[in-house]
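Worksheet for the structure shown next.
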Amino acid sequence: MRLLVIGGGITGLAAAWEAVRSSNGPAEVLLVEASGRFGGKVHTEHTDGLLIEHGPDSFVAYRPAALQLAEELGLSGDVISTSGTRTVHLRARGRLQPMPAGMGMVLPSRLWPFVTTGILSPADKLRAGVDLVLPRRLVAGEDTSIGAFLRARLGAGIVRRFADPMIGGIYGAGVDELSLDAVLPSLRADELAHRSLMLASLAQGRKARSNRTAAGGRGPGSPFRTFTGGLGSLVDALVDRLVAAGADLRLNTCVTELRPTGQGADVLLDDGSVEPVDAVILAGGVTSSADLLAVPAPESSSAISGIPLATSTVVTLAYPAAAFTTPVTSHGWLEADHAPISGITVSSAKWAGRAPADTVLIRAFVPERLGAIALADEEELRSAVIGHLAAVLGAAEPSLVRVARWPAMMPKYIVGHLETVATAEAGLAHLPNWRLAGSAVRGVGVPDCIADGRRQAALALSGAARVGA
Ligand SMILES: Cc1cc2nc3c(=O)[nH]c(=O)nc-3n(C[C@H](O)[C@H](O)[C@H](O)COP(=O)(O)OP(=O)(O)OC[C@H]3O[C@@H](n4cnc5c(N)ncnc54)[C@H](O)[C@@H]3O)c2cc1C
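Taking the working numbering, the leading residue of the sequence shown gets 15, the next gets one more, and so forth.
Right under this line is the structure:
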């Protein structure tokens, strides 16, 4: 079996890894990456003793695919958790306030810290409490936006101060466009089981605490993990092991056309060559997949091209520690107030080994939902971010600034996303060994991309094996 993988991001590399270990016998893998490096949005830079992540900086441990892959690659010993005690803030109502203990992305799992937090006004808290008596709102089979659903149940305060900064921060889009069913299906399940989201969350909190007590454990700890050498270590290890397994990995090579041959394809590359393959993984993202499927699977192509793409920018700044009036120990904050950034991560406080001891390393995020600033030229962007950090932290000039722009790169899972994906898959039914994979369709988190890349590779190869048998 010969498998083509389009895209050398984490999805494509994970798909290739699955293929060289396939239970149907190792497949011959051709992976093509249009750019000059592997990793896609995973991009770690080592410079001047700093470890800079231009894209993702971590993954969640409660989705096991990344940890499992690390184990298979012999990287488990390099997995690190966040440093020290996790302190995260929200800048709301003009000041940095600690995130209430037990606060999830939207809902509290402990009542008292929520009742006493200064992040919400008393009126906002009372309105959130109305959720306790409201009947169920969702209609089975009808998707809605996370924002509309939460506003109806818990009020506008909780949406503005918690849901939008937290969920919007992860998905690069506002909660009023994001799909409840694609992004937070657990909220639908909670309403169905408990009616009130507050009651559901508090019950889950009590259960988690009693499980921990029964197990003699301490606090829940941070769910975030990365590697001593940054997320780039995972990419490097995958590339090394794939090459060792005989996979053909090509940089600076673009797939320009896919021509169906039975259930496989003839693959046209931009160097003019044509490669015959039995199965295809489309892991190049929304635009790439929509373009390549335009002729062989037009319904699929038009469904995918309806997935909007968000632009985001990460500004990394290094400061001498002495530039701050007080030591920076917080792992970062999210902005619930008007600001030119949506939040920061203090990488040097959050992770070991990101910067020398006398340096503070900060990542600031400028998603497009902030408006004009996200599209501003680099000078204006830098000065807005530096000025804001100076105002909040009292920091002087940074010693290093790096700007990583991700233009129209982050798929937005808007209302109806699951239906869009189902339409895209149905449009590929005549080519069952061609599989869409990765952040464009089934989850943007690194573990989701790994799990999906592997699953789609297994499906493509099992289909191809049946055809070849
Ligand atoms: C700023 C930022 C921060 C993030 N933070 C986190 C985080 O902390 N944790 C987390 O879990 N997730 C995070 N994410 C999300 C996560 O990084 C991405 O969803 C994931 O890396 C996407 O991987 P992918 O392989 O699906 O796509 P990509 O990484 O986009 O890879 C696709 C690759 O395909 C190549 N390609 C496209 N078309 C072709 C073609 N025709 N021929 C050949 N090659 C082609 C592209 O060059 C690219 O390298 C973040 C994303 C961004 C942008």
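Cβ coordinates follow ideal geometry from the N, Cα and C atoms, glycine included.
Would you check if there are 3 or more beta carbon pairs closer than 8 angstroms linking the segment 79–98 to the segment 130–145?
No: the two stretches stay apart, fewer than three of their Cβ pairs being nearer than 8 angstroms.
Report yes if the CB atom of S319 is closer than 8 angstroms to the CB atom of A297, and no otherwise.
No, these two residues do not count as a Cβ contact at 8 angstroms.
If you measure from the CB of F73, is any heavy atom of ligand 1 nearer than 7 angstroms?
Yes, Cβ of F73 sits closer than 7 angstroms to a heavy atom of ligand 1.
Just to confirm the assignment, what range does the alpha helix (DSSP H) spanning D178 have?
Start and end: 178–185.
In whole angstroms, what separates the C-alpha of A75 from that of S361?
Answer to the nearest angstrom: the Cα atoms are 18 angstroms apart.
For A366, count neighbouring Cβ atoms within 10 angstroms of its own Cβ and tell me buried if that reaches 16, exposed if not.
A366 is exposed by the Cβ-count criterion.
Roughly how many angstroms lie between the CA atoms of P112 and A29, to the nearest whole one?
Each residue's alpha carbon lies about 40 angstroms from the other.
From the DSSP secondary-structure annotation, give me the bridge partner or partners of A324.
Assignment of beta-bridge partners to A324 by DSSP yields M424.
Nearer than 7 angstroms: is that true of the beta carbon of L47 relative to any heavy atom of ligand 1?
Checking the sequence shown, residue 47 turns out to be Glu, not Leu. Checking every heavy atom of ligand 1 against the Cβ of E47, one is found closer than 7 angstroms.
Are the segment 416–435 and the segment 269–283 in contact at 8 angstroms, needing three or more beta carbon pairs?
No, the segment 416–435 is not in contact with the segment 269–283.
M117 beta carbon near ligand 1 (any heavy atom closer than 7 angstroms):
Outside the cutoff, so no.
Quick one: using the 10 Å Cβ neighbour count with 16 as the cut-off for buried, is S287 buried or exposed?
Looking at its Cβ environment, which holds fewer than 16 other Cβ atoms inside 10 Å, S287 is exposed.
At what residues does the beta strand (DSSP E) containing F238 begin and finish?
Per DSSP, F238 belongs to the beta strand (DSSP E) from 238–241.
Using DSSP with H/G/I as helix, E/B as strand and the rest coil, what is P341?
DSSP, read as helix, strand or coil, puts P341 in coil.
Where S97 sits in the DSSP three-state scheme
In the structure shown, the three-state DSSP call for S97 is coil.
contact_flag[the segment 365–383, the segment 317–332] where n(CB pairs < 8 angstroms) is 3 or more:
Here the segment 365–383 lies against the segment 317–332, with 3 or more beta-carbon pairs under 8 angstroms apart.
Cβ distance (whole Å) where N38 is taken to contact S476 below 8 angstroms
Between S476 and N38 the Cβ distance is about 6 angstroms, and since that is below 8 angstroms, they are a contact.
How far does the beta strand (DSSP E) with T58 in it extend, from its first residue to its last?
Unbroken beta strand (DSSP E) run through T58: 58–61.
Whose C-beta lies closer than 6 angstroms to the C-beta of L282 among residues of the same chain, with five residues either side of it excluded?
So the list reads T270, E271, V288, once near-sequence residues are dropped.
Taking buried to mean at least 16 other C-beta atoms within 10 Å of its own C-beta, is H431 buried or exposed?
Buried: at least 16 other Cβ atoms inside 10 Å.
If you follow the alpha helix (DSSP H) that R141 is in, where does it begin and where does it stop?
Segment 136–143, the alpha helix (DSSP H) holding R141.
Bridge-paired residues (DSSP) for Q111:
As DSSP reads the structure, Q111 sits in a beta bridge with L104.
For A454, I'd like the list of residues in its chain whose CB is within less than 7 angstroms of its CB, leaving aside the five on either flank, ordered along the chain.
Once the five neighbours on either side are set aside, the close Cβ partners of A454 are G299, V300, S303, I318, I321, P425.
Report whether the distance from the Cβ of G244 to the nearest heavy atom of ligand 1 is below 7 angstroms.
Relative to ligand 1, G244 has its C-beta separated by 7 angstroms or more from all heavy atoms.
Grouping DSSP H, G and I as helix and E and B as strand, with all else coil, what is P290?
Of the three classes helix, strand and coil, the one that applies to P290 here is strand, per DSSP.
Rounded C-alpha distance that separates I99 from A438
In the sequence as presented, Ile is not what sits at residue 99; that position holds Thr. The alpha-carbon separation between T99 and A438 amounts to approximately 44 angstroms.
How should G188 be labelled, buried or exposed, when 16 other C-beta atoms within 10 angstroms of its C-beta is the threshold for buried?
G188 should be labelled buried.
State the Cα-Cα distance for the pair S224 and R124, rounded to the nearest angstrom.
Rounded to the nearest angstrom, the two C-alpha atoms are 13 angstroms apart.
On the CB-based measure, 16 or more other CB atoms within 10 Å of its CB, does S315 come out buried or exposed?
So S315 ends up on the buried side.
Since V120 and F176 should fall inside the 8 angstroms C-beta cutoff, what is the C-beta to C-beta distance between them, to a whole number of angstroms?
About 6 angstroms; that satisfies the 8 angstroms criterion.
K55: CB within 7 angstroms of a non-hydrogen atom of ligand 1
Taken from the Cβ of K55, at least one heavy atom of ligand 1 lies inside 7 angstroms.
Distance check for A259 and A293, CA to CA, integer angstroms please.
Straight-line Cα distance between these residues: approximately 19 angstroms.
For the 8 angstroms Cβ check, are there 3 or more pairs between the segment 434–448 and the segment 414–424?
As far as the Cβ criterion goes, the segment 434–448 does not touch the segment 414–424, which means the pair count is below three.
Going by DSSP, what residue range makes up the beta strand (DSSP E) through L245?
For L245, there is no enclosing beta strand (DSSP E), as DSSP gives it neither H nor E.
Quick check: what's the CA-CA separation for A207 versus R150?
Near 10 angstroms, if we compare the C-alpha coordinates of R150 and A207.
Determine the extent of the alpha helix (DSSP H) in which R220 is found, giving its start and end residues.
Counting along the chain, the alpha helix (DSSP H) containing R220 begins and ends at 211–228.
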